[in-house]
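For any residue, its number in the numbering used here is found by taking its place in the sequence shown, counting from 1, and adding 16.
Glycine included, every Cβ here is placed at the ideal spot set by N, Cα and C.
A quick note: this is a predicted structure, and the numbers were derived from the prediction, not measured.
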Amino acid sequence: MGKRRGGRELLRSLSKKQKKHLREFGEEHPFYDKGNIIVQVEVRSDDSDKSSKESDSETEVEQVSGYHKLLATLKTSPESESEEEEDESESEEAEESEAEVDSEGSQETGEGEEGKEDKNDVPEEEEGTTDAAEQMLSQEQADGADTSCDPRHGVIEEFTDVKHESEFSLETNFMEEESGDCNADRRDSNPFKQHMDKELEEKEIEKMSTLPKTSSQSQWPRLGQVIFSSTLEKQKTFKADKEVDVKQLHLHKPLESTWPKVNKQFLSAADKSTDCSFTPLQRELFCIMNSYRDLFYPERNALTNGEQVRHAYCLHALNHVLKANAQVLSNNARRRDQKPGTDTDDHRDQGLTRPKVLMIVPFRECALRIVHIFISLLEVNDKKKIDVSNKKRFKGEYGSDPEEKPPNLKRPEDYEAVFAGNIDDHFRIGVAILQKSMRLYAPFYSSDIIIASPLGIRTVIGAEGEKKRDFDFLSSIEILIIDQADIYLMQNWEHVLHLMKHINLLPLDSHGVDFSRVRMLNLNNWSKYYRQTLLFSALQDPQINSVFNKHCFNYMGQVAIRNVPLTGSISHVVVQLPHVFRRLEADSVTSVIDGRFQFFIDKVLPEYRDAIMSHTLIYIPSYFDYVRLRNYFKKEDLNFTHICEYTRKAAVCRARRFFLKGEKQFLLFTERFHFYKRYMIKGIRNLIFYELPTYSHFYSEICNMLKATDSGMDATWTCTVLYSKYDAQKLAAVVGIDRTAQMLQSKKNVHLFVTGEN
């Protein structure tokens with residue numbers, strides 16, 4: 017009882033935001049790492065014996081060869097628990113050693129001020145605590161936008177706006193005469209009408225489900241190599257318009273006047289002189305979006321073109337919603353004016369549920385910017401402000417306090433761009449738009465647009481067997497936008513896959529829909545063949561490619577940008593360093609995981625066991641590979657330390673100090689930790705990339721850490737990289753396409769030497 021009472025006292029000391037994080041997914045965001053709040057909840061039940069038998073220790077992971085079996089066995093072991101007790105007892109010592117490690121100041125490592133910035137603690141490998149916390153705090157799962165929390169833990173109910181329900185109802189409102197866009201929406205050349213009114217036949221549906229896609233490619237001025245693929249018919253020549261007149265895009269009436277004003281911040285002097293309201297990139301992207309084809313753009317950069325891309329897809333999404341709602345309101349007026357007893361089938365203009373657009377973004381800051389763009393696009397001028405419900409509350413929950421971040425905390429520019437503003441990754445909000453008004457926090461079934469993070473939407477969908485779960489609101493999604501998909505690889509990619517499995521399914525309940533207004537495509541369960549998917553990422557990755565290739569069924573076809581890097585990030589390495597790329601053989605993608613581990617312990621590790629090869633950092637992109645290597649190093653009693661995304665700050669400080677002074681020969685270092693922290697690791701002399709980094713610029717960043725080791729031993733520095741033929745995309749991003757082709761053809765190890773001038 018003492019442990020349980022102590023755990024509850026700690027819970028009461030947490031803020032509402034911290035409790036909400038812990039209740040929903042059992043662990044805090046890895047970006048935060050305070051070090052002085054440790055939450056461990058112990059729950060005893062009648063099934064405790066059963067659960068203890070089902071949970072496997074981490075030390076047993078290495079006995080399982082399968083990747084998914086490895087995933088299933090990740091639980092907290094008694095050995096790791098003892099390590100946590102050791103961490104607590106030595107935390108004061110580690111904090112004192114931090115000043116010694118960072119003798120050059122907090123601007124270089126960021127740790128001096130990190131304690132002020134960080135808010136939450138992520139215990140090291142505390143999966144067991146995750147399950148216990150979920151049992152104690154997660155009494156009810158989220159249901160739509162209405163989430164009830166246990167009041168005993170001080171967590172308030174998730175807010176939804178029910179006051180403005182009638183004002184934003186599509187069924188009880190009519191088109192205003194002054195908007196005057198209802199007639200324009202009925203033009204045959206309107207892309208929205210052409211796409212949604214197309215009636216597919218069963219033969220075409222069967223063809224799309226069974227036959228492979230045919231592809232063609234062309235070169236566009238700004239996007240580069242563009243690949244078109246479709247199943248229904250051979251792709252026609254599709255070229256980007258050199259000049260775009262806003263009036264020819266069939267935008268909803270207010271957007272024609274507001275878009276040039278909103279987008280002028282991105283226009284160059286040349287664009288303004290030609291009276292063009294799009295940048296060259298936006299022009300080509302919107303040309304594809306407005307054709308209602310699926311799009312995969314893997315060159316989104318938060319520093320350069322990220323906001324341009326965001327504005328382009330916000331324009332497309334808002335234009336789609338306004339046209340769809342205008343059609344419904346116009347038909348409402350026609351039904352009102354028709355004679356009693358007249359039965360017509362011409363007014364099928366809705367889906368089975370109201371939500372039309374789903375926007376998946378990683379952080380609250382992204383949702384904040386999207387809503388601001390929507391508001392700017394809807395406000396025709398300063399005198400005609402639109403009515404935005406719950407705007408003040410939205411700014412409070414999705415905005416950020418500039419004083420939370422220490423002013424002298426230094427990180428790379430791309431890091432600052434990605435983690436700007438409120439970086440909470442657990443949120444969802446419904447947005448309803450009706451003519452000149454916007455309603456934030458609308459219930460999902462009364463929303464036109466849903467903006468959510470993968471985790472936020474995952475907690476609503478739930479898992480099979482859970483009592484409270486809901487995904488009916490995803491049944492009639494017509495546009496799916498997944499922005500910054502690369503970040504989800506660092507969060508939890510399973511949430512994205514879970515979403516794709518539950519989108520555009522037939523709802524389990526009618527939710528009060530008027531079936532006489534529902535389109536036949538929705539009644540036939542063909543929604544997925546009409547859904548447009550827009551996927552934006554900073555890189556090409558097999559997992560992202562898989563979603564685009566296997567979960568996008570748009571009858572209009574798919575468009576993917578497939579440019580190959582010419583130089584690679586190795587050209588940004590500024591230290592003189594020999595790079596040895598060692599190829600491992602594997603028969604399949606599934607066998608490469610075990611093959612890489614065996615190749616490492618048999619061929620690579622023996623060369624570094626000698627004491628001369630001290631100060632060796634092993635960079636590991638996958639957390640599961642990290643656990644496997646850590647268990648092996650423990651078994652072999654090697655002199656090593658380790659840092660991962662779950663390591664507490666005290667343990668991180670101690671590991672860095674041991675590694676810098678040479679007290680530990682090896683340092684196991686995960687990619688996810690580097691993504692969220694970007695600490696400078698000093699003392700590296702030998703570098704091993706267990707697998708090529710997910711982000712190519714991480715390769716040069718890690719290599720350039722060697723310059724922090726000012727010991728005059730440049731000639732002894734080494735860098736070894738493991739790769740296989742299945743790493744072609746990652747390899748090309750590091751060494752360039754020409755070298756990649758040579759390396760994949762040759763089965764010999766490749767030695768490259770970077771002089772620091774490339």
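Alpha-carbon to alpha-carbon, residue 676 and residue 632 = 10 Å
query = What are the residues that DSSP puts in a beta bridge with residue 597?
reply = Listed as beta-bridge partners of residue 597 by DSSP are 737 and 766.
task = Have a look at 262, 284, 314 and 349 and flag the residue whose alpha-carbon is nearest the alpha-carbon of residue 306.
result = 262
query = What residues in its chain sit with their C-beta under 8 Å from that of residue 438, if we drop five residues either side in the sequence?
reply = Cβ neighbours of residue 438 beyond the five flanking positions: 379, 380, 381, 384, 414, 415 and 416.
inquiry  = Just to confirm my understanding: we take residue 724, look at its own chain, exclude 5 residues before and 5 after, and list those with CB closer than 7 Å. What are they?
reply    = Apart from sequence neighbours up to five positions away, the residues of its chain that approach residue 724 with a beta-carbon distance below 7 Å are 696 and 698, ordered along the chain.
key: Three-pair Cβ contact test at 8 Å for the region 702-713 versus the region 617-629   = yes
request  = Could you check the C-alpha separation between residue 782 and residue 520 for me, to the nearest Å?
outcome  = Since the first residue of the chain shown is 17 and the last is 774, residue 782 is not available in this structure.
inquiry  = So, for residue 638: in the same chain, excluding its five sequence neighbours on each side, which residues have a beta-carbon less than 6 Å away from its beta-carbon?
reply    = Once the five neighbours on either side are set aside, residue 638 has no close Cβ partner at all.
request  = Helix, strand or coil for residue 453, going by three-state DSSP, please let me know.
outcome  = strand
inquiry  = Measuring CB atoms only, is the region 552-565 touching the region 473-491, in the sense that at least three cross pairs come out at less than 8 Å?
reply    = no
task = Answer yes if the region 214-223 comes into contact with the region 268-277, meaning at least three C-beta pairs across the two stretches below 8 Å, and no otherwise.
result = no
inquiry  = Could you give the first and the last residue of the continuous beta strand (DSSP E) run that contains residue 574?
reply    = 574-577
query = By DSSP, does residue 658 sit in helix, in strand, or in coil?
reply = strand
query = In terms of residues, what are the limits of the alpha helix (DSSP H) holding residue 509?
reply = 509-518
task = Scan the region 298-380 and note each continuous alpha helix (DSSP H) run of 4 residues or more that stays entirely inside, going in chain order.
result = Listed in chain order, the complete alpha helix (DSSP H) runs (minimum 4 residues) inside the region 298-380 are 322-353.
query = Nearest-angstrom Cα distance between residue 511 and residue 403?
reply = 34 Å
ask   = When the Cα of residue 446 is compared with those of 265, 440, 476 and 642, which residue comes out closest?
value = 476
task = With residue 468 as the anchor, note down where its beta strand (DSSP E) starts and where it stops.
result = 465-468
request  = Return the Cβ separation of residue 513 and residue 488 in integer angstroms, given the expectation that the two are a contact with Cβ distance under 8 Å.
outcome  = The Cβ separation is near 20 Å, so there is no contact.
request  = Express the C-alpha separation of residue 526 and residue 713 in angstroms, rounding to a whole number.
outcome  = 49 Å
request  = Could you round the C-beta distance between residue 763 and residue 599 to whole angstroms and report it? I think they count as a contact, below 8 Å.
outcome  = 6 Å
inquiry  = On the DSSP bridge list, what partners appear for residue 549?
reply    = According to DSSP, residue 549 bridges with 496.
ask   = How do the region 745-761 and the region 577-595 stand: do at least 3 beta-carbon pairs fall below 8 Å, yes or no?
value = yes
key: Three-state secondary structure (DSSP) of residue 240   = Collapsing the DSSP output to three states places residue 240 in a strand.
request  = Please classify residue 536: is it buried, with 16 or more other beta-carbons within 10 angstroms of its beta-carbon, or exposed?
outcome  = exposed
task = List the endpoints of the continuous beta strand (DSSP E) containing residue 404.
result = 403-405
query = When we look at the beta-carbon of residue 767 and count the other beta-carbons within 10 Å, is it buried (16 or more) or exposed?
reply = exposed
request  = Quick one: grab the DSSP three-state call for residue 538.
outcome  = helix
ask   = Any idea if residue 663 is buried or exposed, counting beta-carbon neighbours within 10 angstroms, 16 or more meaning buried?
value = buried
ask   = Buried or exposed: residue 618, going by 16 or more other Cβ atoms within 10 Å of its Cβ?
value = exposed
request  = Counting only the same chain and skipping the five closest in sequence on each side, list residues whose C-beta sits under 6 Å from that of residue 500.
outcome  = Closer than 6 Å at Cβ, skipping near neighbours: 378.
task = Drop a sphere of 10 angstroms on the beta-carbon of residue 233, count the other beta-carbons inside from all chains shown, and report buried for 16 or more, exposed for fewer.
result = exposed
ask   = From the DSSP output, which residues share a beta bridge with residue 686?
value = 636
ask   = Going by Cα to Cα distance, which pick from 213, 566, 657 and 337 is closest to residue 454?
value = 337
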